[in-house]
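**Student:** Quick one: the structure is below, and I'll ask about it shortly.
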Amino acid sequence: MALNMFTIHPLVLAELEVGQHLYWQVGGLKLHGQVFLTSWFVIGVLLLVSFLATRNIQRIPSGLQNFMEYALEFIRDLAKNQIGEKEYRPWVPFVGTLFLFIFVSNWSGALIPWKLIHLPAGELAAPTNDINTTVALALLTSLAYFYAGFSKRGLGYFAKYIEPTPILLPINILEDFTKPLSLSFRLFGNILADELVVAVLVLLVPLFVPLPVMVLGLFTSAIQALIFATLAAAYIGEAIEGHGGEEHG
Amino acid sequence: MMNFVWLLAVEAAETVEEGGGLFDLDATLPLMAVQFVLLAVALNALFYKPLGKVLDERDGYISSNQVDAAERLAKAEQIAKQYQQELAETRRQAQTVIAEAQEEAQKIASQTVAAAQQEAQAQREQVQRELDEQKSQAMATLEQQVDGLSQQILDKLLGSLAA
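As given, the protein sequences belong to chains U and W, one line each in that order.
Positions 1244 to 1492 (the working numbering) are the ones given, in order, by the first sequence.
Positions 13 to 175 (the working numbering) are the ones given, in order, by the second sequence.
This is the structure we're talking about:
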């Protein structure tokens, strides 16, 4: 009912469309088209920037190469801090791509006026605005830390379920479910909420008033990307090192 | 405001049955995961590996240069120390040479002075001797004359007495 009220209002400058998707049918599968469109844009931006930055690599970096080296060092530090000096290197691509993809997604949602492009249904927004994306990333993170644990410690990885005491077994098992759940919902909720707050404010007061909230949204978006990547790295590090890693979570 | 948004969310969630809604999980999820993995692989080849290699190479370059520089610094310090040592050594040698030369000069000077003094002594003695000789000759001559004169005086006195 509330939705209808907005969509039929004649003076509405921005529409609120929540939970409406541009459906694509691919071989009997339903896809959210708007998510893929913006995610392709994000992927394109990342690939393009990476290509431009590494096209002509110099020992003394400048311009884009310098910037991307800064980004890489940031990601490496993040992974190193969470996973540890010895083991972090193979995980840099995964953690880094998590961070870059979420970060660029969030900021593209906050900075690019996607809504000017009209779709038959739904609207373009940050890919992380869709629960499918965040759950996909969170499940990949779960797979990653299971893989990390098994490849490092073999079946001994299961020992962590009865540490420090077997009494905690149910809680430890539950943790494997809460981790992806909290990861995905934290990201999804933050980005969607930010977008909704901005949209509602724009709806009520179109000029200037939403600006501080938009700035706050940029900040939140960056923080969420950092949190997701940091937590993923922390889970991986915990799975690798085994003991005493619970404080990270 | 929060209630407002919450209402919206609830409203949206209620539309799931009609094919939509906030929590509409479908094939987007696995495809997005596949897409993400492909992105990670592509970025690994395009971004992490080449730039990571550059970073590592630069680290290696810098640390090797640093080691090299430290080595060179140690070498330079050693050379400086050696130079100082040699300088001190040379100074000491110079000092001894100077001292020896001074000593020698002193010796020569004293020898020369001694020789000159000896010579002067010898000359003086010779002169003295000559003087003495002449004096004794003169004395002898004078004595002879004294004898003659006294004889004459005596003769004159005696002659006057006798006369």
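For glycine and all other residues, C-beta sits at the position ideal for the given N, C-alpha and C.
Since the structure is predicted, the reported quantities are computational estimates derived from the model, not experimental observations.
Evaluate the contact criterion for the segment 1353-1368 of chain U versus the segment 1414-1423 of chain U: three or more CB pairs, one atom per stretch, below 8 angstroms.
**Tutor:** In short, these stretches do not touch, since the Cβ pair count stays below three.
**Student:** Under 8 angstroms between C-beta atoms, does I1286 of chain U make it to chain C?
**Tutor:** Among the protein chains of the structure shown, namely U and W, there is no chain C.
**Student:** Taking Cβ to Cβ, would you say I1470 of chain U is nearer than 8 angstroms to I1326 of chain U?
**Tutor:** No, Cβ-Cβ distance for I1470 of chain U and I1326 of chain U is not below 8 angstroms.
**Student:** Per DSSP, which residues does Q156 of chain W bridge with? Please list them.
**Tutor:** DSSP output for Q156 of chain W lists no bridge partner at all.
**Student:** Residues of chain W with a CB under 8 angstroms from the CB of T1297 of chain U: which are they?
**Tutor:** By Cβ distance, chain W contributes L58, F59, P62 and L63.
**Student:** Please go through the segment 1268-1318 of chain U and give each complete beta strand (DSSP E) segment of 3 or more residues, from N-terminal end onward.
**Tutor:** The qualifying runs are 1272-1275.
**Student:** When you compare the segment 1276-1289 of chain U with the segment 1297-1310 of chain U, are there three or more beta-carbon pairs, one atom per stretch, that lie closer than 8 angstroms?
**Tutor:** The segment 1276-1289 of chain U, when compared against the segment 1297-1310 of chain U, does not touch it at the 8 angstroms Cβ threshold.
**Student:** Name the chain U residues that come within less than 7 angstroms of G33 of chain W, Cβ to Cβ?
**Tutor:** Going along chain U in sequence order, the residues near G33 of chain W (Cβ under 7 angstroms) are G1262.
**Student:** Short of 6 angstroms in beta carbon distance, which residues of its chain neighbour G1492 of chain U, apart from the five on each side in sequence? Order them along the chain.
**Tutor:** Reliability fails at G1492 of chain U, whose pLDDT of 40 lies under 50, so the model's placement of it is uncertain and no value is given.
**Student:** Measure the alpha-carbon distance for A1402 of chain U versus V1338 of chain U and round it to whole angstroms.
**Tutor:** Cα to Cα, the separation comes out at about 25 angstroms.
**Student:** Under 7 angstroms between beta-carbons, which chain W residues line up against I1326 of chain U? List them in chain order, please.
**Tutor:** Result: empty, since nearest Cβ-Cβ is about 15 angstroms, beyond 7 angstroms.
**Student:** Taking only the alpha-carbon atoms, compute the straight-line gap between L34 of chain W and G1432 of chain U and give it to the nearest angstrom.
**Tutor:** So the alpha carbons of these two residues sit roughly 10 angstroms apart.
**Student:** How would you list, in chain order, the residues of chain U whose beta-carbon sits under 9 angstroms from the beta-carbon of Q47 of chain W?
**Tutor:** Correct list: F1279, S1282, W1283, I1286 and A1379.
**Student:** Mapping DSSP to helix, strand and coil, what is P1407 of chain U?
**Tutor:** Of the three classes helix, strand and coil, the one that applies to P1407 of chain U here is coil, per DSSP.
**Student:** Checking the sheet assignment: what are the DSSP bridge partners for Y1266 of chain U?
**Tutor:** BP columns for Y1266 of chain U point to U:H1275.
**Student:** How would you write the range of the alpha helix (DSSP H) that E1418 of chain U sits in, first residue to last?
**Tutor:** It spans L1412 to L1447 - the alpha helix (DSSP H) in which E1418 of chain U sits, taken as one unbroken run.
**Student:** Would you mind telling me which residues of chain W sit closer than 9 angstroms to K1395 of chain U, beta carbon to beta carbon, in chain order?
**Tutor:** Correct list: empty, because the minimum Cβ distance to chain W is about 20 angstroms.
**Student:** Please report the Cβ distance between Y1478 of chain U and K1422 of chain U, rounded to the nearest whole angstrom; I am assuming they are in contact, meaning their Cβ atoms lie under 8 angstroms.
**Tutor:** Rounded, the Cβ-Cβ distance is 6 angstroms, consistent with contact.
**Student:** Please report the distance separating the alpha-carbon of A1475 of chain U from that of T1281 of chain U.
**Tutor:** Straight-line Cα distance between these residues: approximately 23 angstroms.
**Student:** Is the beta carbon of L1430 of chain U less than 8 angstroms from the beta carbon of T1371 of chain U?
**Tutor:** Yes, Cβ-Cβ distance for L1430 of chain U and T1371 of chain U is below 8 angstroms.
**Student:** Please state the DSSP three-state secondary structure of A1369 of chain U.
**Tutor:** Coil, per DSSP.
**Student:** Compile a chain-ordered list of the residues in the segment 63-84 of chain W whose CB is closer than 9 angstroms to at least one CB of chain U.
**Tutor:** Residues passing the 9 angstroms Cβ filter: L63, G64, K65, V66, L67, E69, R70 and Y73.
**Student:** When you compare only the Cα positions, how much space is there between A52 of chain W and P1336 of chain U?
**Tutor:** Straight-line Cα distance between these residues: approximately 6 angstroms.
**Student:** I'd like the span of the alpha helix (DSSP H) that includes L1395 of chain U, first residue to last.
**Tutor:** Before going further, note that residue 1395 of chain U is Lys rather than Leu in the sequence given. Residues I1374 to R1396.
**Student:** Would the segment 1308-1328 of chain U and the segment 1405-1412 of chain U be scored as touching if the rule is three or more Cβ pairs under 8 angstroms?
**Tutor:** The segment 1308-1328 of chain U is not in contact with the segment 1405-1412 of chain U.
**Student:** At a Cβ threshold of 8 angstroms, is I1470 of chain U touching chain W?
**Tutor:** Cβ-Cβ to chain W under 8 angstroms: no for I1470 of chain U.
**Student:** To the nearest angstrom, how far is it from the Cα of E89 of chain W to the Cα of A81 of chain W?
**Tutor:** C-alpha separation (whole angstroms): 12 angstroms.
**Student:** Would you identify the three-state DSSP class for A1468 of chain U, choosing helix, strand or coil?
**Tutor:** The answer is helix: DSSP assigns A1468 of chain U an H, G or I state.
**Student:** Quick one: which chain W residues come within Cβ less than 7 angstroms of S1293 of chain U?
**Tutor:** Going along chain W in sequence order, the residues near S1293 of chain U (Cβ under 7 angstroms) are L55, L58 and F59.
**Student:** Do N1375 of chain U and M44 of chain W come within 8 angstroms of each other at the CB atom, strictly closer than that value?
**Tutor:** Closer than 8 angstroms, so yes.
**Student:** Thinking C-alpha only, which one of U:Y1400, U:L1426 and U:V1440 is nearest L1461 of chain U?
**Tutor:** Here the closest residue by C-alpha is U:V1440.
**Student:** On the DSSP letters alone, give me the boundaries of the alpha helix (DSSP H) that V1452 of chain U sits inside.
**Tutor:** Neither: V1452 of chain U is in no alpha helix (DSSP H) and is coded neither H nor E.
**Student:** Can you give me the C-alpha to C-alpha distance between I1360 of chain U and G1270 of chain U, rounded to a whole angstrom?
**Tutor:** Rounded to the nearest angstrom, the two C-alpha atoms are 27 angstroms apart.
**Student:** Between A260 of chain W and chain U, is the shortest Cβ-Cβ distance under 8 angstroms, so that the two count as touching?
**Tutor:** Residue numbering for chain W in the displayed model covers 13 to 175; residue 260 of chain W lies beyond these limits and cannot be assessed.
**Student:** Quick one: Cα of G1276 of chain U to Cα of M1311 of chain U, how far?
**Tutor:** One C-alpha to the other measures close to 30 angstroms.
**Student:** Beta carbon of L55 of chain W, beta carbon of A1379 of chain U: below 8 angstroms?
**Tutor:** No, the Cβ-Cβ distance between L55 of chain W and A1379 of chain U is not below 8 angstroms.
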